[in-house]
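Reading the sequence shown from the start, the letters are residues 1 to 405 in full-length UniProt numbering.
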Amino acid sequence: KMAHGVVIVGASVAGYNVAKELRAKGYEEKITLISKQTSLPYDLKPLSKDWMLAQDHLLPPVFQDESFYHNQNITLKLATEIVAILPEEHRIQTANKEEIPYDQLVLAIGSTLRILDAPGVDAAGIFYLRDIKDASKIKQWDKKTKDVVIVGAGFIGLEMASTFAQVGLNVTVIEHAEYPLGRIIGTDASHYFTNMHRARDVNILTAEDVTEFEKDADGNVKAAITASGKTIACQMVIIGIGVVPNTSISHPELEVQRGFVVNEYGQTSLPDVYAAGDCTVWPYHGELIHVEHWEHARAHGRYVARNIINPESEPYAVRPYFWTDEYDQTFEYLGHAMSWEQAVIRGSLDEREFSIAYLDEKQRPLAILFANNAEKRKEVAALMDENRPIDPVKFQNSTIPIQET
Numbered sequence: 001k002m003a004h005g006v007v008i009v010g011a012s013v014a015g016y017n018v019a020k021e022l023r024a025k026g027y028e029e030k031i032t033l034i035s036k037q038t039s040l041p042y043d044l045k046p047l048s049k050d051w052m053l054a055q056d057h058l059l060p061p062v063f064q065d066e067s068f069y070h071n072q073n074i075t076l077k078l079a080t081e082i083v084a085i086l087p088e089e090h091r092i093q094t095a096n097k098e099e100i101p102y103d104q105l106v107l108a109i110g111s112t113l114r115i116l117d118a119p120g121v122d123a124a125g126i127f128y129l130r131d132i133k134d135a136s137k138i139k140q141w142d143k144k145t146k147d148v149v150i151v152g153a154g155f156i157g158l159e160m161a162s163t164f165a166q167v168g169l170n171v172t173v174i175e176h177a178e179y180p181l182g183r184i185i186g187t188d189a190s191h192y193f194t195n196m197h198r199a200r201d202v203n204i205l206t207a208e209d210v211t212e213f214e215k216d217a218d219g220n221v222k223a224a225i226t227a228s229g230k231t232i233a234c235q236m237v238i239i240g241i242g243v244v245p246n247t248s249i250s251h252p253e254l255e256v257q258r259g260f261v262v263n264e265y266g267q268t269s270l271p272d273v274y275a276a277g278d279c280t281v282w283p284y285h286g287e288l289i290h291v292e293h294w295e296h297a298r299a300h301g302r303y304v305a306r307n308i309i310n311p312e313s314e315p316y317a318v319r320p321y322f323w324t325d326e327y328d329q330t331f332e333y334l335g336h337a338m339s340w341e342q343a344v345i346r347g348s349l350d351e352r353e354f355s356i357a358y359l360d361e362k363q364r365p366l367a368i369l370f371a372n373n374a375e376k377r378k379e380v381a382a383l384m385d386e387n388r389p390i391d392p393v394k395f396q397n398s399t400i401p402i403q404e405t
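Structure representation (structure tokens):
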């Protein structure tokens with residue numbers, strides 16, 4: 001019998017799902033779930049959308065209430081920061097020098113934000129969206145705001161733009177790249193996203209950077225200055241210029257390549273130490289990839305739990321999937337394509353029902369983006385499972401079922 005059981009560091013989507021799945025699959029030893037946060041484990045995803053739109057409440061969108069952890073016999077250690085691993089002793093160390101023993105350790109510490117370095121960035125009214133504290137401050141500040149600047153047109157930035165536009169603020173998005181999201185979804189889809197926002201009077205500035213923020217006499221932000229010399233009046237700024245895997249808990253023998261390197265079972269290079277979710281890079285089709293999606297964090301956490309119960313029993317090979325809702329539109333993306341030979345459009349961008357396949361040099365789909373239920377996820381997955389070349393001409397013909405292309 002194991003005295004210490006599984007200790008999980010990080011209680012966001014991945015960490016919470018490790019704990020939940022361990023119990024669901026019959027694990028009977030001790031489970032300790034450790035979080036830096038002071039509140040019960042909660043979901044970050046709604047913070048940029050539904051939660052932000054619901055003006056009245058400031059409570060975190062918790063996964064479960066306290067009774068769940070009690071009933072499942074999961075020990076929660078909140079407001080606890082882990083700073084070191086002592087693998088020989090199977091212990092971790094907190095910032096207060098407390099040592100916590102483990103039989104198996106799971107690192108699920110997520111990602112850290114890229115920080116914008118610009119004069120005036122310390123003005124009041126400039127925020128990152130990192131956790132519930134930030135989200136609450138934003139929600140309270142936006143009540144006295146008319147103009148908001150969002151720095152960065154990634155998915156979070158654009159979701160926030162759609163949220164603020166829907167509550168009637170004047171929104172300007174400033175993006176360094178020429179094509180927002182272009183690296184992920186290509187130029188056609190990038191234009192589509194940009195036009196969708198512009199149709200809602202969101203001002204999107206591309207190939208542009210913020211060089212400085214101006215403050216008023218009270219130290220509140222009053223304008224963003226851009227590299228091309230524009231002055232954009234604003235009373236609130238949200239910075240969303242991306243994230244990097246959090247690898248702050250380190251050890252000389254713990255391999256890191258951007259994120260914690262794990263094998264297909266979620267094992268790191270340290271014995272009995274696993275990692276899951278945003279803080280990892282993991283093997284997919286012969287390369288180590290890094291994915292920042294909610295669905296991946298959940299699935300990865302569950303697989304790690306199963307591999308703790310039955311070591312090396314279930315290799316993780318789940319195809320990445322994400323979705324984003326903006327205004328009244330939904331976009332889904334299945335697969336992983338850092339680069340592609342050609343992008344083929346099916347359906348009509350004008351009619352808002354379309355799919356785009358990102359093909360490799362053999363015309364096999366690496367990833368498929370589908371908008372507004374143009375296709376069913378099951379059928380897109382079935383096509384990709386075949387891992388065969390598709391006929392671009394057939395794919396473009398939406399009267400032919402997608403699996404027959």
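Heads up, the beta-carbon is just placed ideally off N, CA and C, and yes, glycines get one too.
Everything numeric in this text was worked out from a predicted model, so none of it was measured.
- For the pair of segments examined, the region 234-242 was found not to touch the region 60-73: the number of CB pairs separated by less than 8 angstroms stays below three.
- Rounded to whole angstroms, Glu178 and Ser162 show a C-alpha spacing of 20 angstroms.
- For Gln104, the uninterrupted beta strand (DSSP E) run begins and ends at Gln104 to Leu107, by DSSP.
- The C-alpha of Val106 lies about 7 angstroms from the C-alpha of Val6.
- Cβ neighbours of Val221 within its own chain (closer than 8 angstroms, five residues either side excluded): Gly120, Ala123, Ala124, Gly125, Ile126, Phe213, Glu214, Lys215, Cys234, Gln235, Met236 and Val237.
- The criterion of a C-beta distance shorter than 9 angstroms is satisfied by Ile184 and Tyr333.
- Looking only at Gly26, Lys20 and Ala227, the smallest Cα-Cα distance to Thr32 is reached by Lys20.
- For Gln140, there is no enclosing beta strand (DSSP E); the residue is part of the alpha helix (DSSP H) that begins and ends at Ile132 to Trp141.
- Pairing Leu47 with Tyr303, the inter-Cα distance amounts to about 26 angstroms.
- The C-beta separation of Ser111 from Glu292 comes to about 6 angstroms, placing the pair in contact by the 8 angstroms criterion.
- In the three-state DSSP reduction, Met236 falls in the strand class (E or B).
- Closest option to Ile150, judged by alpha-carbon separation, among His4, Val318 and Asp209: Asp209.
- Short of 7 angstroms from the beta carbon of Asn263, and not among the five residues preceding or following it, lie these beta carbons of its own chain, in chain order: Pro283.
- Residues Tyr128, Arg130 and Val243 of the same chain have their beta carbon placed closer than 7 angstroms to that of Leu113, with the five preceding and five following residues left out of the count.
- For Leu334, the enclosing beta strand (DSSP E) begins and ends at Gln329 to Gly335.
- For Thr280, the three-state secondary structure derived from DSSP is strand.
- In chain order, Ser35 and Thr38 place their CB closer than 6 angstroms to the CB of Leu78, counting only its own chain and leaving out the 5 sequence neighbours on each side.
- Unbroken beta strand (DSSP E) runs of no fewer than 3 residues, entirely contained in the region 57-124, are found at 74-77, 82-86, 91-94, 99-101, 104-107 and 111-113, following chain order.
- Trp340 sits in coil when the DSSP states are folded into three classes, being neither helix nor strand.
- Judged by DSSP in its simplified three-state form, Ala382 adopts helix.
- Runs of beta strand (DSSP E) with 3 or more residues, each lying fully within the region 128-210, are found at 147-151, 170-174 and 203-205, listed in chain order.
- In the DSSP assignment, Ala305 falls within the alpha helix (DSSP H) that extends over Trp294 to Ile309.
- Annotation: Asn397 to Lys362 spans about 20 angstroms, alpha carbon to alpha carbon.
- Boundaries of the alpha helix (DSSP H) around Ala14: Val13 to Ala24.
- Under a 10 Å Cβ-count criterion, Glu351 is classified as exposed, with fewer than 16 other Cβ atoms of the shown protein chains found around its own Cβ.
- Counting only the Cα atoms, Asp218 lies some 57 angstroms from Gly26.
- The Cβ atoms of Leu158 and Phe193 lie closer than 9 angstroms to each other.
- DSSP lists Arg346 and Phe370 as the beta-bridge partner residues of Ser355.
- Burial is judged here by how many other beta carbons sit within 10 angstroms of a residue's own beta carbon; Ala367 has at least 16 and is buried.
- Distance from the Cα of Ile174 is smallest, within the candidate group Val344, Ala227, Ile100 and Gly182, for Ala227.
- Here the region 371-379 makes contact with the region 321-338; the two share three or more CB pairs at distances below 8 angstroms.
- Residue pairing by DSSP places Asn220 opposite Ala124 in a beta bridge.
- When C-alpha distances from Pro61 are compared across Ile85, Ala135, His300 and Glu89, the shortest belongs to Ala135.
- Tyr358 and Ala343 have their C-alpha atoms spaced approximately 5 angstroms apart.
- Rounded to the nearest whole angstrom, the CA to CA distance from Cys279 to Val13 is 12 angstroms.
- For Ile8, the beta-bridge partners assigned by DSSP are Leu33 and Val106.
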